[in-house]
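A.B. asks: Below are the structure tokens for one structure; questions will follow.
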Amino acid sequence: MYDVEIYPVGLFMDLKHKRYRRGLEYLKYQLGRKNFRAVRQYFNGYLAEASEGTRCGHGWTKNRARKDLIHHLNYEL
Numbered sequence: 001m002y003d004v005e006i007y008p009v010g011l012f013m014d015l016k017h018k019r020y021r022r023g024l025e026y027l028k029y030q031l032g033r034k035n036f037r038a039v040r041q042y043f044n045g046y047l048a049e050a051s052e053g054t055r056c057g058h059g060w061t062k063n064r065a066r067k068d069l070i071h072h073l074n075y076e077l
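Once you know that position 54 of the sequence shown is 54 in my numbering, the rest is easy, because the numbers rise by one and skip nothing.
This is how it looks when you write it as structure tokens:
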């Protein structure tokens, strides 16, 4: 059916690769531009993408991202 790929984004990716300064600089830059959507999305956690389709799920845990993706896919059907 679908091949699901789950990977960290934003804050979780920076923590995984130990790039703390980069994350803080990014947040400071986006706050200075008043780009609050980018700041909010920086804290997504994990993304789950299906091989077929354009929707993706996100959540603070891998399981939550997978469930959110399933919700989006069922909504499209």
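For glycine and all other residues, C-beta sits at the position ideal for the given N, C-alpha and C. Treat the numbers as computed from the prediction; the structure is a model and nothing was measured.
Have a look at V4 and L69 and give me their C-alpha separation to the nearest angstrom.
C.D. replies: Using only the alpha carbons, I get a separation of about 9 Å.
A.B. asks: What is the DSSP secondary structure of E49, reduced to helix, strand or coil?
C.D. replies: Of the three classes helix, strand and coil, the one that applies to E49 here is strand, per DSSP.
A.B. asks: With distances taken between CB atoms, is the gap from R46 to Y75 smaller than 9 Å?
C.D. replies: Reading the sequence as shown, one finds Tyr at residue 46 and not Arg. For Y46 and Y75, no; Cβs fall outside 9 Å.
A.B. asks: Give me the Cα-Cα distance between N63 and A48, rounded to the nearest whole angstrom.
C.D. replies: For N63 and A48, the distance between alpha carbons rounds to 9 Å.
A.B. asks: Look at the Cβ atom of L11, then the Cβ atom of G23, and state whether they are nearer than 9 Å.
C.D. replies: Against a cut-off of 9 Å, the Cβ pair of G23 and L11 comes out as a contact.
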